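Note that the working numbering gives residue 338 to position 336 of the sequence shown, counting from 1, and the numbers run on in steps of one. Every residue gets a Cβ at the ideal spot worked out from N, C-alpha and C, and that includes glycine. These numbers were taken from a predicted model, which means no experiment stands behind them.
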Amino acid sequence: MTFNNTRKVVAAISTLAICGSLAACGSSNSATDDKNLVFLDGYPQYDENSAWGKVVQKCAPDGYTVERQLQDETMNPLTTAVKEDNAPDIAMIDNPTLPSAVDAGMVVDLEAAGVKTDGFNEGIIDTGKVDGVQYGISYGINTLGLYYKPDILEKAGVDPASITDWDSLNAAIGKVVDAGYKGITFSGIATEEGVFQYLPWFWGAGGDLSKPDSQAAQDARDLLAGWVSKGWAPKSSTTNNQSAAWDVFMSEDYAFAENGSWQAQSAAEKGYEVIAIPSKDGGDSAPVPFGGEFLVLPYHKTANDAKQKAAAEFVNCMTDTNLLEVAESIGYLAPKDDVLEQQLKDQTYLADWAEPASSAQGRTTELGLKYESISSGLSQKLQDALNQK
């Protein structure tokens, strides 16, 4: 996901209070703040009047107010705050960073704190565990698919149902380009966003993250780099994040875009459709990673049991009582199958995402802390390939 610039909105007691930084509001654990829960929130693009802002306020436990500390990126501010024993009461972190947060002693056992963990999709809830302990919990996920513009494919004589492997995908892109249109957009930026979009091709070629230097890794790089070198994908793919890659797809005559389920509504409004990302040799579609953030309870040297209990109540409200409203407020897919079923009835444009959501894979489930270094290596080699180094 991509964040916009931080906005600061300060509201009175019983309304949603927002601070622009961890330092701006001072410690969340002082005696004067006993009824104030500080939430390190990575969505500065959503103000207090947004659907997200309203459900956050709705989940304030009785007798408490919730103060949102808005940050584009939350891991670094959280690290500093925990070291200074000035941590927020609840925090949001990107799910692949959880093992690092646990390794640094920054977060606590959710179940011991009173957070409910039943009813979740098994693959999703397990990704929030480290050494069998539940440290992170999902309030919604996203994943990847292959969007296309039906009118361009029709004019180019391409049947989307014919796209079942890499060869047929390349043939389709070639026909589109020959018909005078542009090929495909994706994000190859040298961050986790680029790796996130690389993984379906890596896994779809039979890749295993424990073997990052396999032939599958090379095959996936060759595929994406070939699109750029042929002019089928824009050269800006090397620096485009997922939002920028989507903007290119939306504003120009590109037929295809690898992008996320969070774009489903805007795609549907334009009449664009989506298919599963094909695996290299066909058969089952390529495995896709799930993205999204976890809610965590940060560690405090001077823990306040009453506040931690209230913080757990807030998390339960977001991930259990009001999970449907929370997921729908940000265009994420609910991480509980029964809630997702209701969401698909409410938001019919998400229908094609039901199967990917239920089978998406975690990035750190097997590797834990090792994932970060492996991801960094994959990112560097992808950049080299895209830039023909």
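Item	Value
I'd like to check one pair, E357 with Q345: are the Cβ atoms closer than 8 angstroms?	no
Pick out whichever of P214, A115, L297 has its Cα sitting closest to the Cα of I376.	P214
Please confirm whether I191 and N144 have their CB atoms less than 8 angstroms apart.	no
Taking Cβ positions, are W234 and G185 nearer each other than 8 angstroms?	yes
Among K383, A312, A103, Y66, which has the Cα closest to the Cα of T82?	A103
Among the residues of its own chain, which have a CB less than 8 angstroms from the CB of I92, if the five just before and after it don't count?	L39, V40, F41, L42, L297, V298, L299, P300, A313, F316, V317
Taking 8 angstroms as the cut-off, decide whether the C-beta atoms of R365 and P98 are in contact.	yes
State the CB to CB distance for the pair A207 and A222, rounded to an integer number of angstroms; the pair is presumed to be in contact (CB under 8 angstroms).	5 angstroms
Taking the alpha-carbon of K394 as reference, which of E50, G138, D96, M108 has the nearest alpha-carbon?	As displayed, the chain neither begins before 3 nor continues past 391, which places residue 394 out of reach and without an answer.
Go to R70, then tell me how far its beta strand (DSSP E) extends in each direction, as first and last residue.	67-72
What residue range does the alpha helix (DSSP H) around Y256 cover?	Per DSSP, Y256 belongs to no alpha helix (DSSP H); it is in the beta strand (DSSP E), 256-262.
Tell me the DSSP secondary structure of T323 in three-state form.	helix
Could you give the distance in angstroms between the alpha-carbon of V58 and the alpha-carbon of L380?	36 angstroms
I'd like to confirm the pairing. Which residues does DSSP put opposite K184 in its beta bridges?	Y256
With DSSP as the reference, label Y149 as helix, strand or coil.	strand
Ends of the alpha helix (DSSP H) at I398?	No information on residue 398 is available, as it lies outside the stretch 3 to 391 that the chain covers here.
Grouping DSSP H, G and I as helix and E and B as strand, with all else coil, what is P236?	coil
Please classify D307 as buried or exposed, where buried requires at least 16 other C-beta atoms within 10 Å of its C-beta.	exposed
Note the first and the last residue of the continuous alpha helix (DSSP H) segment covering V197.	194-206
Drop a sphere of 10 angstroms on the beta-carbon of S268, count the other beta-carbons inside from all chains shown, and report buried for 16 or more, exposed for fewer.	exposed
Given L171, which residues of its chain have a CB within under 7 angstroms of its CB, disregarding the five upstream and five downstream residues?	I165, P280
Grab the span of the beta strand (DSSP E) containing L39 for me, first residue to last.	38-43
Per DSSP, what kind of secondary structure is S378 in: helix, strand or coil?	helix
Do L384 and G196 have their CB atoms nearer than 8 angstroms?	yes
Report, in whole angstroms, the separation of the C-beta atoms of I139 and G125, which I expect to be a contact under 8 angstroms.	Actually they do not touch by this definition, with Cβ atoms about 14 angstroms apart.
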